[in-house]
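For the sequence shown, the numbering used here begins at 3 and goes up steadily by one.
Cβ coordinates follow ideal geometry from the N, Cα and C atoms, glycine included.
First the structure, in the form of structure tokens, and then the observations on it.
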Amino acid sequence: MKTSRKGFLRSALAAGALSMVPGKFLGATDTIVSPNRKRSMRLAHFTDVHLQPEGAAPYGFEAALHQVQNMADKPEAIIFSGDCVMDSFSASRERTKTQWDLWNKILKDECSLPTHPLLGNHDVWGWGLLGKYKKDDNFGKQWAVEELKIPKQYYSYDLGGWHFIMLDSTTKHGPGYIAKLDNEQKDWLKEELKKTPSATPICIVSHIPIYAMCVFMDGKRIKKTDGMCPVV
Ligand SMILES: [Zn+2]
Numbered sequence: 003m004k005t006s007r008k009g010f011l012r013s014a015l016a017a018g019a020l021s022m023v024p025g026k027f028l029g030a031t032d033t034i035v036s037p038n039r040k041r042s043m044r045l046a047h048f049t050d051v052h053l054q055p056e057g058a059a060p061y062g063f064e065a066a067l068h069q070v071q072n073m074a075d076k077p078e079a080i081i082f083s084g085d086c087v088m089d090s091f092s093a094s095r096e097r098t099k100t101q102w103d104l105w106n107k108i109l110k111d112e113c114s115l116p117t118h119p120l121l122g123n124h125d126v127w128g129w130g131l132l133g134k135y136k137k138d139d140n141f142g143k144q145w146a147v148e149e150l151k152i153p154k155q156y157y158s159y160d161l162g163g164w165h166f167i168m169l170d171s172t173t174k175h176g177p178g179y180i181a182k183l184d185n186e187q188k189d190w191l192k193e194e195l196k197k198t199p200s201a202t203p204i205c206i207v208s209h210i211p212i213y214a215m216c217v218f219m220d221g222k223r224i225k226k227t228d229g230m231c232p233v234v
């Protein structure tokens, strides 16, 4: 059975509502997913690897990559949703290069799966160093975009019948950052959503949550960041 995006959301909401009814549990007859439905893909999701040369970090990253690739039912691709390196936000050029070189060496040597990465706040170079590298071509996001081999700091692709939208949720704010999509990216996102056929499921990946529980607990600050959670 083919389910449209709206239909899927409706089913998911219905399932959520049902599971919240006190004393009522979903039974076999309440199944909302057709048992005949075929899996379209299997993905691994890594986030906040925070890779650095020190300690067990490189070995831990390698072990995790091996684990995923040695699964009997292994995924088709890996999504890295940001903070790939420990920190380049407040790191020197040398330290940043060391971390990216290590990231790319481990992926080259230990990973044969396709990867789909995006930037986290710690992958942005130099914003935390009071403009020390401001005039460098790689200042800000450009260095990470090149090291991660992605077309732009936000981009999209199709995989297994799904449309994936990879967001860049880190926006410069004074000497630091806030969680926000700038206007250009917002327009791009609107266009992406509009042009994707309604029956195509969409997966949106963002390092900083675009909607989170903190909205309900920290409303005043959230308002200033267009609804995105300012805490990372
Ligand atoms: Zn982060």
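Span separating the alpha-carbon of residue i from that of residue j
i      : j      : result
Lys1   : Leu53  : Since the displayed the chain opens at 3 and closes at 234, residue 1 lies outside it and no answer follows.
Gln155 : Pro203 : 22 Å
Pro119 : Pro77  : 15 Å
Pro60  : Ile81  : 18 Å
Ala65  : Asp89  : 21 Å
Val126 : Leu161 : 27 Å
Gly25  : Ser200 : Confidence at Gly25 is low in this model, with a pLDDT of 38, below 50, so its placement is unreliable and no value can be given for it.
Trp164 : Thr198 : 10 Å
Phe63  : Glu96  : 22 Å
Met219 : Gly57  : 36 Å
Leu183 : Tyr157 : 13 Å
Glu186 : Ala93  : 28 Å
Trp102 : Met215 : 33 Å
Tyr159 : Ala79  : 13 Å
Val87  : Pro177 : 20 Å
Asn140 : Glu148 : 9 Å
Trp190 : Leu67  : 32 Å
Whole-number beta carbon distance between residue j and residue i, since they are thought to touch under 8 Å
i      : j      : result
Trp145 : Thr98  : 7 Å
Asp111 : Asp85  : Between Asp85 and Asp111 the Cβ distance is about 21 Å, and since that is not below 8 Å, they are no contact.
Leu109 : Thr100 : With a Cβ gap of about 15 Å, Leu109 and Thr100 do not count as contacting.
Under 9 Å between C-beta atoms of residue i and residue j
i      : j      : result
His1   : Asn123 : Outside the modelled stretch of the chain, which goes from 3 to 234, sits residue 1, for which no answer is possible.
Ser42  : Val207 : no
Leu115 : Leu150 : no
Pro55  : Leu104 : yes
Cys205 : Phe166 : yes
Asp75  : Arg44  : yes
Tyr179 : Phe91  : yes
Gly142 : Lys174 : yes
Pro153 : Ala181 : no
query: Are the region 58 to 74 and the region 187 to 198 in contact at 8 Å, needing three or more beta carbon pairs?
result: no
query: Are three or more beta carbon pairs between the region 162 to 172 and the region 131 to 141 nearer than 8 Å?
result: no
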